[in-house]
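A short worksheet on the structure shown next.
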Amino acid sequence: MEMQSLKQAQRFLQFLSHPPKQYTIISPLLHQSYASSSSSSSSSSSSSCFSSSLSEIDKPANSELELTQQELAKINLLIPRLCLSAHLTTAIHLTATALLAKPSHKSISFSILIHSLTSQPDMTKSMSLLTILRHTPQAHPHLTPITVMLIRSYVKKKKLKEAFKVYHWMLRPGSPCKVEKLVYELLVNGFCEFGLILEALRVLRDMVGVGFVPGDRLRKRVYRSLLREARVWDAIRLDEASCSCFGDANSDGVKQLTEMLDSMIGSWTE
Numbered sequence: 001m002e003m004q005s006l007k008q009a010q011r012f013l014q015f016l017s018h019p020p021k022q023y024t025i026i027s028p029l030l031h032q033s034y035a036s037s038s039s040s041s042s043s044s045s046s047s048s049c050f051s052s053s054l055s056e057i058d059k060p061a062n063s064e065l066e067l068t069q070q071e072l073a074k075i076n077l078l079i080p081r082l083c084l085s086a087h088l089t090t091a092i093h094l095t096a097t098a099l100l101a102k103p104s105h106k107s108i109s110f111s112i113l114i115h116s117l118t119s120q121p122d123m124t125k126s127m128s129l130l131t132i133l134r135h136t137p138q139a140h141p142h143l144t145p146i147t148v149m150l151i152r153s154y155v156k157k158k159k160l161k162e163a164f165k166v167y168h169w170m171l172r173p174g175s176p177c178k179v180e181k182l183v184y185e186l187l188v189n190g191f192c193e194f195g196l197i198l199e200a201l202r203v204l205r206d207m208v209g210v211g212f213v214p215g216d217r218l219r220k221r222v223y224r225s226l227l228r229e230a231r232v233w234d235a236i237r238l239d240e241a242s243c244s245c246f247g248d249a250n251s252d253g254v255k256q257l258t259e260m261l262d263s264m265i266g267s268w269t270e
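Counting with full-length UniProt numbering, you get residues 1 to 270 for the letters of the sequence shown.
Take a look at the structure:
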């Protein structure tokens, strides 16, 4: 079963990375990554699979590559098998290459891949996937959901450092990612849960700075966390300031909350 899954994945990679000339859409970085992945296969049986592609599928001339429902179903079966059989790199390349066809949202399941990536002892493979997708414009619509899933999974696994690194990756200049309110909430909740209050305040400051007002549950979480740190006065002031701008991202209250967070962070680090 393991070898069969690998062979099927290699056939998809061959087809999607080398479609007929009239609808080639592969990015240079992904092509390079794919070529590197292909050349690393040492067995003759695996190498021979690349000569067998799915190019016999009838595609209209002068059109972009599209995946059929059957092909999507096969990919969604292959990715978990590859992850569970220790072929995570191949699963990454299969995912990235399939996204070149610009499939609709939720047509490809990332859950097993994300779980496998965040279960690794380091972030090498996670960052590899993000780098490939960043340099693949066709995959950009899927990049924000994938980063959110990575952060959620890292937080759930109590890997706050890794989650924070993905967050900073999203903020890099030129990043195609949009940092959603959920990302801020996940990080603030995670940092508060593990007593990393300064980090929680910094992310909360970023959140308010882009116009997202903390909801009632998040406000109470920060309040209780500050009380546990014996910062009673800070907890009361911040809670009152948060309540004054609840539901209004453009009020003077938001400005005051931002200034208060800046002051608290500054005094905390002195």
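Cβ coordinates follow ideal geometry from the N, Cα and C atoms, glycine included.
Alpha carbon of residue i to alpha carbon of residue j, nearest angstrom
i: Val203; j: Gln70; result: 42 Å
i: Lys181; j: Leu72; result: 30 Å
i: Lys106; j: Leu99; result: 12 Å
i: Val254; j: Ile79; result: 44 Å
i: Leu196; j: Leu67; result: 45 Å
i: Ile265; j: Leu198; result: 7 Å
i: Thr136; j: Thr144; result: 13 Å
i: Arg224; j: Pro103; result: 43 Å
i: Arg172; j: Ser126; result: 16 Å
i: Glu259; j: Val208; result: 10 Å
i: Ala139; j: Ile112; result: 18 Å
i: Pro176; j: Val210; result: 16 Å
i: Pro229; j: Phe194; result: The sequence given here places Glu at residue 229; Pro does not occur at that position. Whole-angstrom Cα-Cα distance: 12 Å.
i: Ser251; j: Gly174; result: 29 Å
i: Lys220; j: Arg205; result: 16 Å
i: Asp216; j: Arg231; result: 20 Å
i: Gln120; j: Val179; result: 24 Å
i: Trp268; j: Asp122; result: 30 Å
Residue closest to residue i, alpha-carbon to alpha-carbon, out of the options
i: Thr131; options: His93, Ile197, Ile265, Tyr184; result: His93
i: Leu88; options: Gly174, Phe110, Lys74; result: Phe110
i: Thr95; options: Asp122, Gly253, Ser104, Leu129; result: Leu129
i: Phe191; options: Lys157, Ser263, Val213; result: Lys157
i: Thr97; options: Ile75, Arg81, Leu82, Cys83; result: Ile75
i: Pro141; options: Pro121, Cys243, Ile108, Gln120; result: Ile108
i: Cys243; options: Ala101, Pro214, Asp122; result: Pro214
Contact test: residue i Cβ vs the ligand ATP heavy atom, cutoff 7 Å
i: Leu84; result: Among the ligands in the structure shown, none appear at all, so the ligand ATP cannot be discussed.
8 Å Cβ cutoff met for residue i and residue j
i: Ala200; j: Val222; result: yes
i: Leu150; j: Thr124; result: no
i: His115; j: Ser153; result: yes
i: Leu218; j: Glu185; result: yes
i: Ile146; j: Leu133; result: yes
i: Leu261; j: Cys245; result: no
i: Leu187; j: Phe164; result: yes
i: Ala91; j: Leu77; result: no
i: Val148; j: Val183; result: yes
Could you tell me whether the segment 163-175 touches the segment 227-242, using the rule of 3 or more Cβ pairs below 8 Å? Cβ pair count under 8 Å is below three, so no.
Item to complete: Scan the segment 158-242 and note each continuous alpha helix (DSSP H) run of 4 residues or more that stays entirely inside, going in chain order.
Response: Within the segment 158-242, the complete alpha helix (DSSP H) runs of at least 4 residues fall at 160-170, 181-193, 197-209, 216-228.
* To do: Any chance you could list the alpha helix (DSSP H) runs of at least 4 consecutive residues sitting entirely within the segment 108-141, in chain order?
  => Taking 4 residues as the shortest admissible run, the segment 108-141 contains the following complete alpha helix (DSSP H) segments, listed from N- to C-terminal end: 111-118, 124-134.
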